[in-house]
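Enquirer: Just passing along the structure, written as structure tokens.
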């Protein structure tokens, strides 16, 4: 097999695993600053997504008198619509560019979050959850995939995508810790 098509070497010890991680970061050391900004933005993006997801059912139940079943259905539909827009807008990032997609996506998502927390009636929340928010999420999420391809090379792309998923998990974990801390402090 050509060298680029060979299977990656497997580390057999903890030291070998750490060396692979260090080698991965080293391979990204010459990457453009946009890649690192995308990782930072992605931490915040996944944080807000998981934070909202972590409190959404309780929020809908308490603030809008939805039953647990109704609020759970809203949560499920919200996730389904986000998934749809992630798939549908994946080509859109290439058409309008990474920078514009990021600006539009995050701007729309912020408007959605503001509407969710200031809504007086459930129809406003549902509009934000089903229409505005998923559209923004769909635009914003795809910038990371397209950006990683543009800002990396074939030698470091695998590590860059691995780091993207690690950053996603970090944002989700931080959201869980913050939600727990707020619940504990207000109890």
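In the working numbering, the protein residues as written are 2 to 188. Positions of the beta carbon are idealized from the N, C-alpha and C atoms, including for glycine.
(1) Do residue 117 and residue 129 come within 8 Å of each other at the CB atom, strictly closer than that value?
(2) Could you check if residue 36 is buried or exposed, using at least 16 other CB atoms within 10 Å of its CB as the buried criterion?
(3) Would you give the residue range spanned by the alpha helix (DSSP H) that residue 135 belongs to?
(4) Suppose you measure from the CA of residue 51 to the CA of residue 174; what does that come to, to the nearest Å?
(5) Does DSSP put residue 155 in a helix, in a strand, or in coil?
(6) Should the segment 13-26 be regarded as contacting the segment 89-96, the criterion being three or more beta carbon pairs within less than 8 Å?
(7) Might you give, ordered along the chain, the residues of its own chain that have their beta carbon closer than 8 Å to the beta carbon of residue 97, omitting 5 neighbours on each side?
(8) Please classify residue 152 as buried or exposed, where buried requires at least 16 other C-beta atoms within 10 Å of its C-beta.
(9) Closest to residue 44 by C-alpha separation, out of 159, 141, 156, would be which residue?
(10) From residue 135 to residue 166, what distance separates their C-alpha atoms?
(11) Buried or exposed, going by whether 16 or more other CB atoms sit within 10 Å of the CB of residue 143?
(12) Along the chain, where does the alpha helix (DSSP H) containing residue 94 start, and where does it finish?
(13) Measure from the alpha carbon of residue 31 to the alpha carbon of each residue in 157, 181, 148, 187, then state which is nearest.
(14) Please tell me whether residue 180 and residue 59 are closer than 8 Å, where the distance is taken between their beta carbons.
(15) Taking all protein chains shown into account, decide if residue 18 is buried (16 or more other Cβ within 10 angstroms of its Cβ) or exposed.
(16) Measure from the alpha carbon of residue 77 to the alpha carbon of each residue in 41, 183, 131, 125, then state which is nearest.
(17) Rank 186, 138, 147, 160 by C-alpha distance to the C-alpha of residue 48 and give the top, closest one.
Expert: Judging by the given coordinates:
(1) Taking the chain shown and counting its residues from 1, the one referred to as residue 129 is at position 128. Taking the chain shown and counting its residues from 1, the one referred to as residue 117 is at position 116. Going by C-beta atoms, residue 129 is nearer than 8 Å to residue 117.
(2) Walking along the chain shown from the start, residue 36 turns up at place 35. Buried, because 16 or more other Cβ atoms sit within 10 Å of the Cβ of residue 36.
(3) Stepping through the chain shown from its first residue, residue 135 is reached at position 134. Unbroken alpha helix (DSSP H) run through residue 135: 134-152.
(4) Along the chain shown, read from residue 1 onward, the residue named residue 51 stands at position 50. Along the chain shown, read from residue 1 onward, the residue named residue 174 stands at position 173. The straight-line gap from Cα to Cα measures roughly 8 Å.
(5) Translated into the one-based positions of the chain shown, residue 155 becomes position 154. Coil, per DSSP.
(6) no
(7) Your numbering for residue 97 matches position 96 in the chain shown. Within the same chain, residue 97 has close Cβ partners 105.
(8) Taking the chain shown and counting its residues from 1, the one referred to as residue 152 is at position 151. Under this definition residue 152 is a buried residue.
(9) Taking the chain shown and counting its residues from 1, one reaches residue 44 at position 43. Selected option, being the one with the closest Cα: 141.
(10) One-based indexing of the chain shown puts residue 135 at position 134. One-based indexing of the chain shown puts residue 166 at position 165. Going by the C-alpha atoms only, they are around 20 Å apart.
(11) Translated into the one-based positions of the chain shown, residue 143 becomes position 142. By the neighbour-count rule (16 or more Cβ atoms within 10 Å), residue 143 is buried.
(12) Sequence index remark: in the chain shown, residue 94 carries index 93 (1-based). Unbroken alpha helix (DSSP H) run through residue 94: 91-97.
(13) Taking the chain shown and counting its residues from 1, the one referred to as residue 31 is at position 30. Among 157, 181, 148, 187, the Cα nearest to that of residue 31 belongs to 157.
(14) Position 179 of the chain shown, counted from the start, is the residue given in the question as residue 180. Position 58 of the chain shown, counted from the start, is the residue given in the question as residue 59. For residue 180 and residue 59, no; Cβs fall outside 8 Å.
(15) Position 17 of the chain shown, counted from the start, is the residue given in the question as residue 18. Residue 18 is exposed by the Cβ-count criterion.
(16) Taking the first residue of the chain shown as position 1, residue 77 is located at position 76. For residue 77, the nearest C-alpha among the options comes from 131.
(17) Taking the first residue of the chain shown as position 1, residue 48 is located at position 47. Checking every option, the nearest Cα to that of residue 48 belongs to 138.
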